[in-house]
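Residue numbering for the sequence shown is 587 to 1127, as defined by our numbering.
Backbone N, C-alpha and C fix where the C-beta goes; we use that ideal spot for every residue, glycine too.
Owing to the predicted nature of the structure, the values given are computational and were not obtained by experimental measurement.
Step one of this worksheet: look at the structure below.
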Amino acid sequence: MALAALAGPVRYHDVWRALLQLVIVAVTYWIAGTLSLRLALVHGQVTPVWPPTGIALVAILVLGWRVWPAVFAGALAVNLPLGPSPFGAALIATGNTLAPLVAAQLLMRVGFRLELDRLRDAAAIIGLAALLGMTVSATVGTSVLVLFGAVPASGFWPTWAVWWTGDAMGVLLVGPFLLSLLPRSPGPALTLRSGVVLAALLAGIGLVTFGLFQNQLRLEYLAFPLIMVAAWRYRLRGAAPAALVASGVAIWSAAHGTGPFATENLGQKMITLQVFNVCVALTSFVLATFVATREHQEETTRLYASAKAASQAKSAFLNIAAHELRTPITVVVGYLSMLTDGSLGRVPASWSAPLQVVVAKTGELSRIVEALLQASLVESDTGPLKGQVVDLREVVEDAIARAQPRADLLHADISVSLAPDVVIVKGDKGQLGRVLDNLINNSLSYSAPPARLFIDVSTDSRRAVVRVEDSGIGIRDDEREQVFDRFYRGGSPAVVRVPGVGLGLYISRQLAEHHGGSLVVESSTPELGTVFALNLPLAAR
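Have a look at this one:
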């Protein structure tokens, strides 16, 4: 009862919040539409800029598909008083709802980011949302006006063009502006000082644009430097309102017939206005997106350089530490060997078991130091490969011969299938042998006795492939790439039991890539086994 009592108010609050969001979207759409219709050019319903499309698109992108009833309600409220009939108004409202839904779906399909901080996002909102998505509302709306006799059939395409450009401009001008208001909008954070500077800059853009549209000298594009400054300095937070201010002044001037619009007919006004609006919109937020992209690339480069320097410092430290540890470990191994073989005299029987533990752990420590040295050498060897032409079959046979004593101790069976002809690759025979040693020893370590290994060497037209298949514990799908990371070891008990530091596969992949090849987990099934595939380019004969 207590849980139900707690859950009830939470759901009640969520429902009211969702309803409030729908009401806000519908009312905002209706207000913007009603104000925009004062600039209508065709049948009182077709305007040069239709801000509700930008409002609806952003609402769908931010709040989700569930806001479509609010978009439809707002569109119906705008169109119902205008006719041509209640049914016709409902059809037009349907088109007005479908257009932003289609546009949002197209944007989501290409991975559109609300931050609008990539050039691909700018291209998507221009090409997919504005130019393509708005054909839906223009086609539906114009068809309704023609079918109900509000517009003659001969006026279909002129009306469609005005409707389409109006909706598209609503997306290009209002959409980025609303996205710039989101908390995660790209660009420098606005402080009190920078906010005052931005407000002054926007006021200057408005005044300059207004002054330019009060004469017939066709100087309106002189406002662009100020718009570009806003975009460059404040990114989307400056570009979007700057474009909206400049376009708003241009629309007001066109509606009142001032400046270049004083002597133009309706068609000429539309061309002059929409060309200006398109140039303003594209110049502003494309430039802002370009600057944001460049900043992101520079930050990524800086972080990469910092991470690379840290990695190099760590590798250098590991190299020095491993070298410094090597000498004392060698001394310890020597004395332990002398103790165990009696060179220093007979040791007490009570020392036998502890001495075996110390010998085993010292050997383990020696292998760890050797692995650290190998890892640091692999990372520092970034120059061109200096190898000889070798027969990969011989490298595989030598690796099997080195592993055979351990395989005999574990009662493991190693079978091999070699290509009938020589498999010529260019590389360092020792490094390639180390890769195979690591793969074979890993398979022996992580296979329950009696282990069964199968090694296959094959070729195709351009590459040689060595597959090492075992009957071990397998690797989970989410770990197939992680096993090649430095110091990574799975968390399963079967892995933890096996001594190691998680460098063998990392070193092997680095060596494979240094030879122009690759090392991957080709397939793996938990508790059934794994197939590693070493791919190397064939040498030219």
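Check                                                                                                          : Outcome
8 Å Cβ cutoff met for Ala828 and Ser870                                                                        : yes
Cβ-based burial, Thr886 [other Cβ within 10 Å; buried from 16]                                                 : exposed
Residue interval of the beta strand (DSSP E) (run including Leu702)                                            : Segment: none, Leu702 is in no beta strand (DSSP E) and carries neither H nor E.
Outcome for Pro846 when other beta-carbon atoms lying within 10 angstroms are tallied against a minimum of 16  : buried
Closest by C-alpha distance to Ser1031, when choosing among Ala989, Val732, Pro811 and Arg603                  : Ala989
Run of the beta strand (DSSP E) containing Glu806, from where it starts to where it stops                      : Segment: none, Glu806 is in no beta strand (DSSP E) and carries neither H nor E.
Among Gly1090, Ser780 and Met720, nearest to Asn1027 - alpha-carbon criterion                                  : Gly1090
Which of helix, strand or coil DSSP assigns to Ile1000                                                         : strand
Sheet register partners of Asn1121 (DSSP bridge)                                                               : Val1051 and Ser1104
Residue range of the unbroken alpha helix (DSSP H) whose run includes Ser1044                                  : No alpha helix (DSSP H) contains Ser1044, which is instead part of the beta strand (DSSP E) from Arg1038 to Thr1045.
Beta-carbon proximity of Val1052 to Ile1041, cut-off 8 Å                                                       : yes
Integer-rounded CB distance, given that Gly1013 should sit under 8 Å from Leu1122                              : 7 Å
Per-residue burial, Gly931 [other beta carbons within 10 Å of its own, 16 or more giving buried]               : exposed
Exposure of Met924, with buried meaning 16 or more beta-carbon neighbours within 10 Å                          : exposed
Strand pairing of Thr1111, partner residues [DSSP]                                                             : Gly1115
Helix, strand or coil at Ile1010 [DSSP, three-state]                                                           : strand
Endpoints, the beta strand (DSSP E) within which Gln974 is located                                             : Gln974 to Asp977
Euclidean distance between Cα positions of Trp602 and Val653                                                   : 14 Å
Distance cut-off 7 Å: Arg953 Cβ against heavy atoms of the ligand FAD                                          : Summarising the ligand content, the structure contains no ligands, and the ligand FAD is consequently not present.
Leu798 vs Leu812 beta-carbon contact at 8 Å                                                                    : no
Contact the segment 750-768 vs the segment 637-656: 3+ CB pairs below 8 Å                                      : yes
Length at least 4, wholly inside the segment 683-761: the alpha helix (DSSP H) runs in chain order             : 705-710 and 721-733
Meets three-Cβ-pair contact criterion under 8 Å: the segment 723-733 and the segment 677-694                   : yes
Start-to-end residues for the alpha helix (DSSP H) that takes in Asp1023                                       : Lys1015 to Ser1031
Any 3 or more C-beta pairs closer than 8 Å across the segment 705-723 and the segment 685-694                  : yes
Option in Pro769, Leu793, Val1084 and Leu700 with minimal Cα separation from Lys947                            : Val1084
The segment 777-788 touching the segment 665-672, judged by at least three CB pairs closer than 8 Å            : no
Outcome for His1101 when other beta-carbon atoms lying within 10 angstroms are tallied against a minimum of 16 : buried
Helix, strand or coil at Trp937 according to DSSP, with G and I counted as helix                               : helix
Rounded straight-line distance, which links the Cα of Trp749 to that of Gly834                                 : 18 Å
DSSP-derived helix/strand/coil call for Leu768                                                                 : coil
Exposure label - Gly1103; buried when at least 16 CB within 10 Å                                               : buried
Rounded C-alpha distance that separates Pro1006 from Val982                                                    : 14 Å
Distance between Val1081 and Ser1110 (C-alpha atoms, nearest Å)                                                : 15 Å
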